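In what follows, a structure is listed as structure tokens, so that the remarks can point back to it.
Residue numbers (our numbering): 53 to 351.
Next up, the structure:
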């Protein structure tokens with residue numbers, strides 16, 4: 053088999069056996085395809101079964117000149133996964149990346165917005181346009197429920213359980229969870245549905261999709277990024293933000309207001325509590341305020 057066949061089999065394994073999303077599978081595949089490109093450019097003819105640690109090291113050295121340590125670590129992780137699959141399927145007896153160390157990157161603290169900044173962002177939406185009501189409902193849902201971008205664009209009307217105060221979210225690996233939804237978020241979703249969505253020419257296959265574009269199809273992830281970046285520019289927000297920033301802010305604000313990590317973990321859909329622990333990054337100013345407010349010897 054050639055590299056293309058191995059990669060296709062690997063993609064099937066990730067989709068069927070691991071239950072990973074399309075975006076995750078594409079990211080894993082990209083790492084292997086990058087290695088293939090390196091081999092082609094350097095006229096190195098070797099199969100995935102025969103490639104050695106030395107050749108992999110040459111590739112990683114080449115990559116290190118082009119990307120930062122964090123991206124390099126991700127590529128190494130992706131390749132380790134691919135070769136672990138080959139070992140699992142008995143194509144190889146060893147993983148050539150077994151002894152290759154991942155560069156230390158430290159833990160990157162997520163960017164967050166203050167409550168006032170989120171309010172300013174949402175208030176900047178032009179509600180005179182049809183997209184305005186939809187955009188407000190989307191941002192309120194992103195922040196109000198702490199969703200990932202893919203979870204928002206794939207949200208179904210049948211996932212809304214307003215009477216019970218929950219929405220059903222399908223997250224990574226098609227794992228489902230129930231997330232509380234506040235009255236304000238419910239209100240803006242209802243407004244969007246009644247005033248905008250119910251009057252759209254909905255295309256076949258998207259009848260149950262909540263957030264639609266003007267042509268009645270599902271929104272893309274890229275469109276959501278564009279909407280938020282445009283709003284940030286509109287209010288002269290001096291921060292680089294994305295839809296994920298609202299998810300980070302959701303978790304941070306819950307933590308600052310006394311929520312426990314385990315509850316936040318369940319709402320975010322994190323597999324491990326260690327992933328959620330990255331939100332314990334309250335700055336010194338906030339910690340000083342806590343000390344001055346609550347310590348018995350504050351005076």
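Ideal Cβ positions, reconstructed from N, Cα and C, are used throughout, including at glycine. In this text the structure is predicted, and so the values were computed from the model without any measurement.
Whole-angstrom distance between residue j and residue i, CA atom to CA atom
| i | j | result |
| --- | --- | --- |
| residue 314 | residue 252 | 40 Å |
| residue 167 | residue 309 | 12 Å |
| residue 317 | residue 100 | 38 Å |
| residue 48 | residue 291 | The question about residue 48 has no answer, for the chain in this structure spans 53 to 351. |
| residue 303 | residue 232 | 13 Å |
| residue 90 | residue 75 | 23 Å |
| residue 212 | residue 244 | 14 Å |
| residue 301 | residue 53 | 47 Å |
| residue 64 | residue 288 | 45 Å |
| residue 305 | residue 197 | 12 Å |
| residue 133 | residue 55 | 15 Å |
| residue 113 | residue 60 | 26 Å |
| residue 264 | residue 240 | 15 Å |
| residue 87 | residue 111 | 7 Å |
| residue 220 | residue 117 | 44 Å |
| residue 126 | residue 58 | 20 Å |
| residue 120 | residue 165 | 26 Å |
| residue 78 | residue 274 | 16 Å |
| residue 312 | residue 242 | 30 Å |
| residue 142 | residue 270 | 41 Å |
| residue 254 | residue 268 | 4 Å |
Nearest neighbour of residue i, chosen from the options [CA to CA]
| i | options | result |
| --- | --- | --- |
| residue 266 | 277, 82, 249 | 249 |
| residue 227 | 209, 269, 319 | 319 |
| residue 222 | 63, 72, 104, 54 | 72 |
| residue 84 | 213, 214, 115, 69 | 115 |
| residue 176 | 348, 224, 280 | 280 |
| residue 179 | 225, 247, 344, 348 | 247 |
| residue 107 | 147, 119, 136, 142 | 147 |
| residue 173 | 60, 282, 133 | 282 |
| residue 105 | 120, 128, 124, 80 | 128 |
| residue 139 | 102, 109, 241 | 102 |
| residue 170 | 293, 229, 80 | 293 |
| residue 230 | 120, 124, 322 | 322 |
| residue 163 | 121, 297, 135 | 297 |
Element boundaries [beta strand (DSSP E), containing residue i]
| i | result |
| --- | --- |
| residue 232 | 228-232 |
| residue 219 | 218-222 |
With 16 other Cβ atoms within 10 Å as the buried cut-off, status of residue i
| i | result |
| --- | --- |
| residue 295 | buried |
| residue 203 | buried |
| residue 299 | buried |
| residue 225 | exposed |
| residue 335 | In this predicted model, residue 335 has a pLDDT of only 44, less than 50, meaning its place in the structure is not dependable; the value taken from the coordinates is given anyway. Exposed. |
| residue 187 | buried |
| residue 257 | exposed |
| residue 206 | buried |
| residue 284 | buried |
| residue 137 | buried |
| residue 200 | buried |
| residue 62 | buried |
| residue 82 | exposed |
| residue 272 | exposed |
| residue 145 | exposed |
| residue 209 | exposed |
| residue 261 | buried |
| residue 278 | exposed |
Continuous alpha helix (DSSP H) stretch holding residue i: start and end
| i | result |
| --- | --- |
| residue 318 | 313-320 |
| residue 293 | No alpha helix (DSSP H) contains residue 293, which DSSP labels as neither H nor E. |
| residue 275 | 273-286 |
| residue 75 | 74-93 |
| residue 202 | 201-205 |
| residue 116 | 105-116 |
| residue 168 | 167-175 |
| residue 130 | 121-140 |
| residue 181 | Where residue 181 is concerned, there is no enclosing alpha helix (DSSP H), given that its DSSP letter is neither H nor E. |
| residue 61 | 55-68 |
| residue 237 | 235-247 |
Any C-beta of chain C under 8 Å from that of residue i
| i | result |
| --- | --- |
| residue 113 | The structure shown contains no chain C; it is built from a single protein chain. |
Checklist entry - If you pair each beta-carbon of the stretch 183-201 with each one of the stretch 234-243, do three or more pairs fall below 8 Å? => result yes
Checklist entry - Quick check: the stretch 146-153 against the stretch 204-219, are there 3 or more CB pairs under 8 Å? => result no
Checklist entry - On the three-pair Cβ rule with 8 Å, is the stretch 63-71 touching the stretch 86-95? => result no
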